[in-house]
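Heads up: the sequence shown is residues 29 to 255, going by my numbering. All C-beta atoms in this analysis are idealised placements derived from N, C-alpha and C, irrespective of residue type, glycine included. Small disclaimer: the values here were computed from a predicted structure and weren't measured. In what follows, a structure is listed as C-alpha cells, so that the remarks can point back to it.
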Amino acid sequence: MPKVSSYSRFIFDPFYLLNILYFTSYLGLRFTNPVYYNSPDISLSEFTTYSSWFMISFVKYFSSETIDEWLVSSSNFGKLVVLVVSFSVDLYYGFFYLFVSAGMLLLNPKQTLSNDSSNIVYLTKGNLDEFLKNKEVLLCLYATWSKESVNFTPVFAQLSNATRSVIFAKIDVGRWPDIADRFKIETKNLPTLVLLKNGIEQKRIFRSPNTSFANEKEIFKHFNINK
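Here it is, written out as C-alpha cells:
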C-alpha cells in the first residue's frame with residue numbers, strides 16, 4: 029500500500045490544485061450567498077445535479093483504467109454540475125464559472141497515464157487472470173501516485189510500438205494492492221516489468237539505481253524480446 033505522503037501530488041499538482049480551488053470557491057459562494065437558501069427550486073436543482081454527478085462518478089470508477097483518469101473525468105463533470113447550478117442562480121455566476129472552466133481547460137489540461145497511440149492493454153483485477161491465459165505478456169505493474177511510473181509511461185508506450193512479439197499490458201497496483209502482494213511488488217521498485225507465458229512468470233525487472241529502466245535496448249535484451 030502507498031504511504032499517505034504518496035498522495036501529496038493530488039494537492040500539489042497544478043491540475044488538482046486548481047480544481048480544489050475551483051470547487052472550494054463555489055462552496056464558499058454556496059454557503060455565504062442567501063440567494064441559495066431562499067429558493068427551493070435551486071435546492072432541488074442542486075440535489076438533482078449532485079446526485080447525477082455522484083452516480084456517474086461511481087460508475088466511472090469501475091470503468092476507468094487509472095485513478096487519474098477517474099479523477100479527471102469526475103472533475104470535468106463536476107464543473108458541468110457547478111455551471112448548471114450557477115446559471116440557475118444568476119447569469120453572472122454562470123458566466124463567471126464558464127469563463128474559469130474554459131480557462132482551466134485551455135491552460136492546464138490534464139494528461140493521464142493512458143496512451144491512445146500505444147499498443148497497451150490496461151487490465152483490472154477482474155480480468156487479469158483470464159487475459160494472461162495462453163499469451164506471452166510483458167506486464168507493467170505501476171501506480172499513478174508513483175513519479176517513476178509516470179515518467180516511465182512514454183517509455184513503455186514506445187516499447188509497445190517497437191515490437192509485436194509480445195503483448196504489452198499494464199495494471200495499477202496502487203488501485204489493487206492485493207495484486208502488488210501477489211506479485212511481491214514493493215513501493216520502492218515501482219514500476220516493475222514482468223514477462224509471463226500462459227500466466228507463469230518467466231523474468232522480471234524493476235526500478236533500481238542499477239537498472240537502465242529507460243533504455244529500450246536493455247529492456248528487450250533482458251527479456252529476450254525481438255523487435
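When the Cα of residue i is compared with those of the options, which residue comes out closest?
| i | options | result |
| --- | --- | --- |
| threonine 258 | Ile233, Ser102, Leu99 | No statement about residue 258 is possible, as the shown extent of the chain runs from 29 to 255 and does not include it. |
| lysine 161 | Cys168, Asn226, Ile195, Leu57 | Asn226 |
| tryptophan 173 | Thr215, Ala197, Asp206 | Thr215 |
| aspartate 118 | Arg58, Ser102, Leu46, Tyr89 | Arg58 |
| asparagine 47 | Gly106, Arg203, Phe124, Pro182 | Gly106 |
What would DSSP say about residue i, mapped onto helix, strand or coil?
| i | result |
| --- | --- |
| arginine 192 | coil |
| serine 145 | Because the pLDDT of serine 145 is 49, which lies under 50, any placement of that residue in the model is unreliable, and the number read from its coordinates should be weighed accordingly. In the structure shown, serine 145 sits in coil (DSSP, three-state: anything other than H, G, I, E or B). |
| lysine 31 | In this prediction, lysine 31 has a pLDDT of 37, which is less than 50 and means its spatial position is unreliable; what the coordinates show is noted afterwards. Coil at lysine 31, not helix or strand. |
| glutamine 139 | Residue confidence is low: glutamine 139 scores 49 on pLDDT, short of 50, so the model does not pin down where it sits. No coordinate-derived value is stated. |
| lysine 107 | helix |
| threonine 172 | coil |
| asparagine 217 | helix |
| aspartate 157 | helix |
| threonine 181 | helix |
Check whether the Cβ atoms of residue i and residue j sit closer than 8 Å, and answer yes or no.
| i | j | result |
| --- | --- | --- |
| leucine 111 | leucine 126 | yes |
| alanine 171 | valine 149 | no |
| phenylalanine 251 | lysine 231 | yes |
| isoleucine 199 | leucine 166 | no |
| leucine 218 | serine 177 | yes |
Could you check how far apart the C-beta atoms of residue i and residue j are, in whole angstroms? I think they sit under 8 Å.
| i | j | result |
| --- | --- | --- |
| isoleucine 247 | leucine 187 | 6 Å |
| lysine 163 | isoleucine 195 | 6 Å |
| threonine 77 | valine 113 | 6 Å |
Can you name the residues that DSSP bridges to residue i?
| i | result |
| --- | --- |
| lysine 212 | According to DSSP, which records beta bridges pairwise, lysine 212 is partnered with nothing at all. |
| glutamate 229 | Leu224 |
| valine 165 | Ile195, Leu224 |
| leucine 151 | Ile199 |
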